[in-house]
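Participant:
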Amino acid sequence: MKFIKTLSLGALALLAVACDNKSEKAAGAAQQDKVQVKIAKVTSEDVAQTETYTATVESDVKNNIAPNTPYRIEKIYVEVGDRVHKGQVLVQLDASNLRQLKLQLENQKVEFKRTEQLYQVGGASKAEYDNAKLQLDVYSTQLRQLTENTQLVSPINGVVTARNYDDGDMYGGNPVLTIEQLNPVKVLVNISEVYYKKVSNGMPVDIQLDAYENEAFSGKVTIVYPTIDEATHTFPVEVTINNANQKVRPGMFARATVNFGVKNHVLVPDEALVKQIGAGDRYVYVHKGGKVSYNKVELGKHIGNKYEILSGVNPGDEVVVAGQSRLANGKEVEVVK
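Under the working numbering, read the sequence shown as residues 29 to 365, first letter to last.
1. Could you check whether T268 and K214 sit closer than 9 Å to each other, using their CB atoms as the reference points?
2. Between the C-alpha atoms of Q64 and V70, what's the straight-line distance to the nearest angstrom?
3. Could you tell me the distance, in whole angstroms, from the CA atom of K324 to the CA atom of P297?
4. Could you tell me whether the stretch 221 to 238 touches the stretch 192 to 202, where touching means 3 or more Cβ pairs closer than 8 Å?
5. I'd like the ranges of any beta strand (DSSP E) spanning at least 3 consecutive residues and lying wholly in the stretch 255 to 287.
6. Do G186 and V89 have their C-beta atoms closer together than 9 Å?
7. Figure out for me which residue from P343, V302, L327 and Y335 has the closest Cα to the Cα of G351.
8. Measure the alpha-carbon distance for I331 versus K275 and round it to whole angstroms.
9. Output needed for V364: all residues of its chain with C-beta closer than 8 Å, excluding positions within five of it in sequence on either side, in chain order.
10. How long is the line joining the alpha carbons of Y322 and V233, rounded to whole angstroms?
11. Along the chain, where does the alpha helix (DSSP H) containing L216 start, and where does it finish?
12. Using beta-carbon positions only, say whether V204 and M231 come within less than 9 Å of one another.
13. For P183, I'd like the list of residues in its chain whose CB is within less than 6 Å of its CB, leaving aside the five on either flank, ordered along the chain.
14. Taking a contact to mean a Cβ-Cβ separation below 9 Å, would you say V117 touches Y99 in this structure?
15. Exposed or buried, what is T178 when buried is set at 16 or more other beta-carbons lying within 10 Å of its beta-carbon?
16. Count the other C-beta atoms from every protein chain shown that fall within 10 angstroms of the C-beta of H113, then say buried if there are 16 or more, exposed otherwise.
17. Going by beta-carbon coordinates alone, are A83 and L210 separated by less than 9 Å?
18. Where Y152 and D158 are concerned, what is the direct C-alpha to C-alpha distance, given to the nearest angstrom?
19. Excluding the 5 residues flanking L164 on each side, which residues of the same chain have their C-beta closer than 6 Å to its C-beta?
20. State buried or exposed for A284, treating a residue as buried only when at least 16 other CB atoms are found within 10 Å of its CB.
21. Can you tell me which residues form a DSSP beta bridge with K232?
22. Would you mind working out which of Q236, V347, N271 and E107 sits nearest R191, comparing C-alpha positions?
23. Among V265, Q170 and A244, which one has its Cα closest to the Cα of I251?
24. When DSSP labels each residue in this structure, what does S153 get in the three-state scheme?
25. Just the Cα atoms here: how many angstroms apart are G308 and Y81?
26. Apart from the five residues on each side of it in sequence, which residues of its chain come closer than 7 Å, Cβ to Cβ, to P212?
27. Secondary structure at L355, three-state DSSP: helix, strand or coil?
28. Going by alpha carbons, who is nearest to L295 out of V312, Q173, G317 and G279?
29. Checking 9 Å against the spacing of the C-beta atoms, do G306 and E326 come in under that value?
30. Quick check on the DSSP output: the alpha helix (DSSP H) that includes N125 runs from which residue to which?
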């Protein structure tokens with residue numbers, strides 16, 4: 029019996045040792061199962077809220093020069109690229125009707141003078157005098173209108189940007205010339221309705237042009253349209269660019285950057301961002317209490333080697349910057365330096 033008791037105690041001791049070894053192995057395996065990661069603590073900063081819009085430069089004023097009625101074009105005095113001034117005669121149209129009307133007006137002046145003299149001595153009635161005066165006024169008005177319509181003048185100081193006819197052509201509907209004012213010029217951009225209250229006349233706008241790489245131009249808001257497009261939820265804004273040297277030309281491709289102030293947002297390192305496979309969403313693993321959570325984030329601007337985060341991460345959070353490939357939501361991790 030003593031032998032059996034001694035054997036039983038030995039077996040219990042061996043069993044206890046085996047259990048201890050098993051527990052140690054299990055604890056070691058659990059420790060090895062933890063993913064080693066590196067983390068970074070994030071902070072918030074004031075970030076400029078800027079938006080850049082693309083547009084095409086337009087002239088501030090554009091005039092299409094054309095007669096009221098079809099005429100044969102006798103002479104066009106300017107070419108594309110010529111600078112013109114307000115009131116300058118640009119086109120002479122067929123003046124045969126004008127010459128005939130001038131002759132009729134001269135004859136009517138003689139007739140009116142004769143009738144006026146007779147009326148003064150009682151040789152013509154008041155009705156005859158009034159009729160002669162009316163005819164004179166009619167011919168004078170017609171001559172003025174015909175003169176205006178056969179001599180086409182520039183209504184602005186500008187540059188000829190299109191010529192659609194040659195001397196001797198019959199006017200056929202298209203403008204004879206197009207005159208554009210090049211100082212100032214403008215761009216029209218469509219801004220999201222979320223910024224409607226932040227846009228006002230006089231607001232500065234930075235302009236960049238593909239034609240002048242690395243050269244900055246200044247503009248300002250001159251018109252804020254009062255309605256929102258219900259399909260795009262944007263509103264048009266006209267930005268005027270001073271162009272005294274006329275370097276900026278209509279048709280150039282422009283980028284207009286508008287500053288809407290600053291907001292305090294979290295910045296996370298580039299390395300913390302994870303792209304979801306098959307989608308464009310971005311995620312960040314946030315570390316807390318030895319585990320990580322898989323947080324979807326809304327990105328703002330890329331600033332240096334960091335991204336502005338609009339939502340999904342809070343100031344002071346610890347984000348994983350290395351070791352994400354083996355992580356999943358709720359996974360236990362081991363933080364290493």
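The C-beta atom is built at its ideal place from N, Cα and C for all residues, glycine as well.
Facilitator: According to the structure shown:
1. Contact: yes.
2. For Q64 and V70, the distance between alpha carbons rounds to 19 Å.
3. In a straight line, the C-alpha of K324 is about 15 Å away from that of P297.
4. Counting Cβ pairs under 8 Å, fewer than three are found: no touch.
5. Whole beta strand (DSSP E) segments, 3+ residues: 262 to 269.
6. It is a contact, given that the beta carbons lie within the stated cut-off.
7. Ranking the options by Cα distance to G351, first place goes to V302.
8. Near 32 Å, if we compare the C-alpha coordinates of K275 and I331.
9. Excluding five sequence positions before and after V364, the CB atoms of its chain that fall closer than 8 Å to its own CB belong to Q64, V65 and K66, given in chain order.
10. If I take the Cα positions, the gap works out to 39 Å.
11. Counting along the chain, L216 sits inside no alpha helix (DSSP H); it lies in the beta strand (DSSP E) bounded by residues L205 to S220.
12. Not closer than 9 Å, so no.
13. Cβ neighbours of P183 beyond the five flanking positions: N91.
14. Going by C-beta atoms, V117 is not nearer than 9 Å to Y99.
15. That one is buried.
16. Sixteen is the threshold: since fewer than 16 other Cβ atoms of the shown chains lie within 10 Å of the Cβ of H113, the residue is exposed.
17. Taking 9 Å as the Cβ cut-off, A83 and L210 do not qualify as a contacting pair.
18. The amino acid at residue 152 is misidentified as Tyr; the sequence shows Ala. As the crow flies, the alpha-carbon of A152 is around 10 Å from that of D158.
19. These residues qualify, in order along the chain: Q136 and F140.
20. The residue in question, A284, is buried, as its Cβ has 16 or more Cβ neighbours within 10 Å.
21. Here residue 232 turns out to be Pro, not Lys, going by the sequence shown. Bridge partners of P232: K248.
22. Ranking the options by Cα distance to R191, first place goes to E107.
23. Comparing Cα positions, the closest option is V265.
24. When secondary structure is reduced to three states using DSSP, S153 falls in the coil class, being assigned neither helix nor strand.
25. Cα to Cα, the separation comes out at about 22 Å.
26. D88, T268, I269, N270 and N271.
27. Of the three classes helix, strand and coil, the one that applies to L355 here is coil, per DSSP.
28. Across the set V312, Q173, G317 and G279, the C-alpha of V312 shows the shortest separation from the C-alpha of L295.
29. Going by C-beta atoms, G306 is not nearer than 9 Å to E326.
30. Its alpha helix (DSSP H) spans residues S124 to Q148.
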